[in-house]
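Number 1074 in this note's numbering belongs to position 60 of the sequence shown; there are no gaps in the numbering. Structure first, commentary second.
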Amino acid sequence: MALNPSLPRASALFLGLCTAAGLALASAPAAPTETLPSGVKIVHTKVGDGASPKATDVVRVHYRGTLTDGKEFDSSYSRGTPASFPLNRVIPCWTQALQTMKVGGKASLTCPSETAYGPRGAGGVIPPNATLNFDVELLGIEK
């Protein structure tokens, strides 16, 4: 039974490609991340190229909200329609975080309970003192 002489070379080539791919992934820039003084954490997964909203603006967004265990409690994606609202009429986490975004951007937010619904919770769906996670896409600013 003859050995395939190209097998060791193919294995070495494959190993080299895997190593190069691993190095490329390791050197990929991390998503810009910031923590606001309130404790709100923002991971900018896609930086937009439009304007940033002010607290008094009406914004149009798509979003998905989950508890820390991953249970979804609300989603405009599931409804198939973006949401629009005055930025100063939502939980403080959103008012603060969306002002750091630009139209066209996407971010993952971690909202400490103090910047969300606090000890009261919300609608029997969000328990008291819950930290909330949101994936948000800023679609536009409506003046």
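Built from N, CA and C at the ideal position, the CB exists for glycine as well. As the structure is a prediction and not an experimental result, all values here were calculated from the model.
Tell me which residues share the same chain as residue i and place their Cβ nearer than 6 angstroms to its Cβ, disregarding the 5 neighbours each side in the sequence.
| i | result |
| --- | --- |
| LEU1037 | Reliability of the predicted coordinates at LEU1037 is poor, the pLDDT of 49 falling under 50, and the value obtained from them is presented with this limitation in mind. Result list for LEU1037: empty, nothing under 6 angstroms. |
| GLY1135 | PRO1141, PRO1142 |
| PRO1106 | THR1129 |
| GLU1086 | THR1080 |
When burial is assigned at 16 or more other CB atoms within 10 Å of the CB, is residue i buried or exposed?
| i | result |
| --- | --- |
| GLY1138 | exposed |
| LYS1068 | exposed |
| LYS1055 | buried |
| SER1098 | exposed |
| ALA1047 | Residue identity differs from the one stated: residue 1047 is Thr in this sequence, not Ala. Result: exposed. |
| GLU1156 | exposed |
Give me the DSSP bridge partner(s) of residue i.
| i | result |
| --- | --- |
| LEU1101 | DSSP output for LEU1101 lists no bridge partner at all. |
| ASP1149 | ARG1078, SER1122 |
Mind reading off the beta-carbon distance from residue i to residue j? Whole number of angstroms is fine, and I expect it under 8 angstroms.
| i | j | result |
| --- | --- | --- |
| LEU1050 | ALA1144 | Wrong, their Cβ atoms sit about 18 angstroms apart, outside the cutoff. |
I want to check one thing, is the minimum distance from the CB of residue i to the heavy atoms of the ligand SAM below 7 angstroms?
| i | result |
| --- | --- |
| LYS1085 | You won't find the ligand SAM in this model; it holds no ligand whatsoever. |
Leaving out five residues before and five after residue i in sequence, what residues of the same chain have Cβ atoms less than 8 angstroms from its Cβ?
| i | result |
| --- | --- |
| LEU1112 | PRO1067, VAL1073, VAL1075, LEU1101, VAL1150, LEU1152 |
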